[in-house]
Each structure stands twice: as structure tokens, then as C-alpha cells.
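Colleague: Please see the structure below; I have some questions.
Numbering (UniProt numbering), first residue to last: 1 to 61.
Set out below in C-alpha cells:
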């Protein structure tokens with residue numbers, strides 16, 4: 001099932017506004033391994049200016 005194109009931006013915005021930067025682990029379903037985690041991290045990096053703005057490790061499951 002396809003997901004809306006803008007939801008990567010939405011997830012990055014929610015994470016940055018609620019949790020901030022520098023997460024250690026980002027969780028999610030197996031269907032989110034690619035491209036969601038990578039896209040969300042890229043959007044967060046663009047907004048924050050930091051390559052370490054979101055999680056350093058993604059743990060699907």
C-alpha cells in the first residue's frame with residue numbers, strides 16, 4: 001500500500017518539534033526500512049542543518 005508523499009516531512013517535523021535532535025534509535029515497521037527512514041532523516045537534516053539531527057540507528061520490526 002502506498003503512503004502519502006508528504007508523510008516523510010511530517011514525521012521529521014513531529015520528531016524535531018516534540019523530541020528535538022540527537023536521537024539514538026528510531027523505531028518503525030519493516031515496511032519503513034527504505035525509503036522512509038532515509039527520507040525522514042534527509043528532511044530533518046535540511047531543516048536543522050545537522051547531519052545528526054535524527055537517529056543514528058534505525059530499528060525496524
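Just so you know, even glycine gets a beta-carbon here, dropped at the ideal spot from N, CA and C.
Does residue 51 pass the burial test, meaning 16 or more other C-beta atoms within 10 Å, or should it be called exposed?
Modeller: Position 51 of the chain shown holds residue 51. Its Cβ having fewer than 16 others within 10 Å, residue 51 is exposed.
Colleague: Where are the alpha helix (DSSP H) runs, 4 residues long or more, that stay fully inside the UniProt domain "tRNA synthetases class I catalytic" (3-50), in chain order?
Modeller: 7-18, 36-48, all fully within the UniProt domain "tRNA synthetases class I catalytic" (3-50).
Colleague: Between residue 38 and residue 19, what straight-line distance do the alpha-carbon atoms span, to the nearest angstrom?
Modeller: Taking the chain shown and counting its residues from 1, one reaches residue 38 at position 38. Taking the chain shown and counting its residues from 1, one reaches residue 19 at position 19. In a straight line, the C-alpha of residue 38 is about 18 Å away from that of residue 19.
Colleague: Cβ of residue 29 within 8 Å of Cβ of residue 58?
Modeller: As a first step, residue 29 is located in the chain shown; it is residue number 29 there, counting from the start. As a first step, residue 58 is located in the chain shown; it is residue number 58 there, counting from the start. For residue 29 and residue 58, no; Cβs fall outside 8 Å.
Colleague: Would you please state the rounded distance, in angstroms, between the beta carbons of residue 55 and residue 33? I believe it to be under 8 Å.
Modeller: Your numbering for residue 55 matches position 55 in the chain shown. Your numbering for residue 33 matches position 33 in the chain shown. Going by Cβ atoms, the distance from residue 55 to residue 33 rounds to 13 Å, so no, they are not a contact pair.
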